[in-house]
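Student:
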Amino acid sequence: MIWHSKWIIAGILTLMLGFSLVKILKIKILPVILSGIAVAISIALSMLLVEDPKMVPIIPMITGIAALSIITLKDKDNEENREWTISTWGYAKQIIPLLAIGVVTAGFLLGSTHDGTTIAGVIPNSWISALVGGNSIFSNFFASFVGAFMYFATLTEVPILQGLIASGMGKGPALALLLAGPSLSLPNMLVIRGVMGTKKTIIFVILVITMATISGFIYGFFF
Numbered sequence: 003m004i005w006h007s008k009w010i011i012a013g014i015l016t017l018m019l020g021f022s023l024v025k026i027l028k029i030k031i032l033p034v035i036l037s038g039i040a041v042a043i044s045i046a047l048s049m050l051l052v053e054d055p056k057m058v059p060i061i062p063m064i065t066g067i068a069a070l071s072i073i074t075l076k077d078k079d080n081e082e083n084r085e086w087t088i089s090t091w092g093y094a095k096q097i098i099p100l101l102a103i104g105v106v107t108a109g110f111l112l113g114s115t116h117d118g119t120t121i122a123g124v125i126p127n128s129w130i131s132a133l134v135g136g137n138s139i140f141s142n143f144f145a146s147f148v149g150a151f152m153y154f155a156t157l158t159e160v161p162i163l164q165g166l167i168a169s170g171m172g173k174g175p176a177l178a179l180l181l182a183g184p185s186l187s188l189p190n191m192l193v194i195r196g197v198m199g200t201k202k203t204i205i206f207v208i209l210v211i212t213m214a215t216i217s218g219f220i221y222g223f224f225f
């Protein structure tokens, strides 16, 4: 349903973004309108020229990112807009290599899927299914517990989860891992312990693991 309504949803979000650019970032309305026209043209061209429907949104997305970058970099009235784009590019250069490493590592160890075909990794799928398969309380707890003590670099949770799901991980445990992983890590716990003390840190860790387990179980039960 969401996929079939993607252009309506994208159009609404585009109008909201344009309103924010003009009213909040104080960018002149003409560059924003021209950027919207460029994105609309890219949508029409991609729908005509690109055969794979899944690849069609990529061209408008790239066009939109490029247009947004140009109008913020060329904005002479507000220097903060230019600094925001430069900072974003700096963060992207730091994150993309980590994301690439995460994708390659997860694919090698855990496997992946391509066009509905499962590609096996080095770790046997039976191990993954035994520990975090299905939607039992144990599988959700194990996923949230491991996620709480693992250190996830920014955005690497996504390729790791993709590999785990391809290897037999349930949807509930996947959500539990995704909730607990970014919330906690062993270095994170050590820092919190230095600020809040041991007892409060233990309570915080227990709450995160418990809530992630419950959320994963409920999600897996319904979906």
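For the sequence shown, the positions run 3 to 225 when the working numbering is used. All residues carry an ideal CB built from backbone N, CA and C; glycine is no exception. Computed from a prediction, not measured in an experiment: that's the story for all the values here.
1) Rounding to the nearest angstrom, what Cα-Cα distance links PHE147 and PRO33 in this structure?
2) Taking the alpha helix (DSSP H) that PHE219 falls in, what are its first and last residues?
3) Using beta-carbon positions only, say whether MET191 and GLY135 come within less than 8 Å of one another.
4) Taking a contact to mean a Cβ-Cβ separation below 8 Å, would you say SER37 touches LEU15 in this structure?
5) Relative to the C-alpha of GLU159, which candidate in SER138, SER187, ILE39 has its C-alpha closest?
6) If we count Cβ pairs, one from each stretch, closer than 8 Å, do we get three or more for the stretch 174-184 versus the stretch 213-223?
7) Span of the alpha helix (DSSP H) holding LYS8?
8) Using the three-state DSSP reduction, which class does GLU53 fall into: helix, strand or coil?
9) Spatial neighbours of ILE130 within its chain, please: CB distance less than 8 Å, with the 5 preceding and 5 following residues excluded, ordered by chain position.
10) So what does DSSP say about MET63, is it helix, strand or coil?
11) Scan the stretch 130-188 and note each continuous alpha helix (DSSP H) run of 4 residues or more that stays entirely inside, going in chain order.
12) Tell me whether LYS95 sits in a helix, a strand or coil according to DSSP, three-state version.
13) Does the beta-carbon of VAL207 have 16 or more other beta-carbons within 10 angstroms, so that it is buried, or is it exposed?
14) Check each candidate in PRO161, ASP54, PRO189, ILE11 and name the one with the smallest Cα separation from ALA229.
15) Could you tell me the alpha carbon to alpha carbon distance between PHE225 and ASN127, rounded to whole angstroms?
16) Looking only at its own chain, which residues have a Cβ that is under 7 Å from the Cβ of ASP77, when we skip the five neighbours before and after it?
17) Could you tell me whether the Cβ atoms of LYS8 and PRO62 are closer together than 8 Å?
18) Nearest to GLY123 by CA position, among ILE205, SER89, GLN164, PHE140, is which residue?
19) For GLY66, I'd like the list of residues in its chain whose CB is within less than 7 Å of its CB, leaving aside the five on either flank, ordered along the chain.
20) Do GLY183 and MET152 have their beta-carbon atoms positioned less than 8 Å apart in this structure?
21) For the candidate residues LYS173, ILE64, MET57, LEU50, whose alpha-carbon lies nearest to that of SER138?
Tutor: In this structure, then:
1) Rounded to the nearest angstrom, the two C-alpha atoms are 49 Å apart.
2) For PHE219, the uninterrupted alpha helix (DSSP H) run begins and ends at 200-224, by DSSP.
3) It is not a contact, given that the beta carbons lie outside the stated cut-off.
4) Cβ atoms of SER37 and LEU15: not closer than 8 Å.
5) It is SER187.
6) These segments touch.
7) Unbroken alpha helix (DSSP H) run through LYS8: 8-25.
8) Taken through DSSP and simplified to helix, strand or coil, GLU53 comes out as coil.
9) Once the five neighbours on either side are set aside, the close Cβ partners of ILE130 are LEU112, LEU166, SER169, GLY170, MET171.
10) Note: MET63 maps to helix in three-state DSSP.
11) Qualifying alpha helix (DSSP H) stretches, in chain order: 139-151, 159-168, 173-185.
12) In the three-state reduction of the DSSP assignment, LYS95 falls in the helix class.
13) It counts as buried.
14) Any answer about residue 229 is impossible in this case: the structure gives the chain only from 3 up to 225.
15) Here the alpha carbons of ASN127 and PHE225 stand approximately 22 Å from one another.
16) Cβ neighbours of ASP77 beyond the five flanking positions: ILE29, ASN83, ARG84.
17) PRO62 sits away from LYS8, with the two beta carbons spaced by 8 Å or more.
18) For the residues ILE205, SER89, GLN164, PHE140, the minimum Cα distance to GLY123 belongs to GLN164.
19) VAL41, listed in sequence order.
20) Taking 8 Å as the Cβ cut-off, MET152 and GLY183 qualify as a contacting pair.
21) Comparing Cα positions, the closest option is LYS173.
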